[in-house]
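For the sequence shown, counting from 1, position 132 maps to 133 in this note's numbering; every step adds exactly one.
Some notes on the structure that comes next.
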Amino acid sequence: MTNLLEGLALFGVSLATMLMAVASLLGTMTIKQLVDIGHVDARVLCNLTGITDPRELQDVFGPPDMKRVWHGLNLPIIENERRPAGYLISDDRVDWISIGVAILALFWRHPLADLLLIVAATAQVAGWVIATRLPK
2 MTNLLEGLAL
12 FGVSLATMLM
22 AVASLLGTMT
32 IKQLVDIGHV
42 DARVLCNLTG
52 ITDPRELQDV
62 FGPPDMKRVW
72 HGLNLPIIEN
82 ERRPAGYLIS
92 DDRVDWISIG
102 VAILALFWRH
112 PLADLLLIVA
122 ATAQVAGWVI
132 ATRLPK
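Next up, the structure:
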């Protein structure tokens with residue numbers, strides 16, 4: 002009975018980690034498309050950089066235009082200003098690694114796999130918690 006509960010818990014954590022990572026990937030893809038079409042507002046910059054104060058964006062990227070949109074910014078420029086929180090919120094590598102670790106933990110029964118799964122799940126939860134503090 003204990004092994005069954007452990008297996009169900011492992012499956013639940015793995016599935017939740019994968020779903021959070023996929024949702025993060027989809028959200029990041031949408032935000033990157035906004036940058037590609039030139040609609041870079043405070044919400045987009047905060048999501049990609051991890052800067053939680055929109056007023057700090059002006060110090061980093063200069064002033065926006067009258068419609069509160071920044072012009073002349075592309076992904077490399079924005080990602081160059083990324084803070085540590087930005088990696089948890091919108092870095093595709095973190096999400097892909099989390100998915101890989103979750104899949105690995107399902108098939109490789111080892112304490113190291115369990116530890117890696119805990120780290121991946123924590124990184125995903127932390128990214129979502131930080132994202133709730135970003136301006137809307």
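Glycine is no exception: its CB is placed at the ideal position from the N, C-alpha and C atoms.
Between Ala121 and Ser99, the C-beta gap is smaller than 8 Å, which places the two residues in contact. CA-CA distance, Ile104 to Leu20, rounds to 12 Å. Under the Cβ criterion (8 Å, minimum of three pairs), the stretch 4 to 19 does not count as touching the stretch 83 to 98. CA-CA distance, Ala24 to Met67, rounds to 32 Å.
Leu116 counts as exposed, since fewer than 16 other C-beta atoms from the protein chains shown sit within 10 angstroms of its C-beta. For Asp42, the three-state secondary structure derived from DSSP is strand. The shortest C-alpha to C-alpha distance from Pro85 to any of Thr18, Asn48 and Leu35 is the one to Asn48. In the structure shown, the three-state DSSP call for Trp109 is coil.
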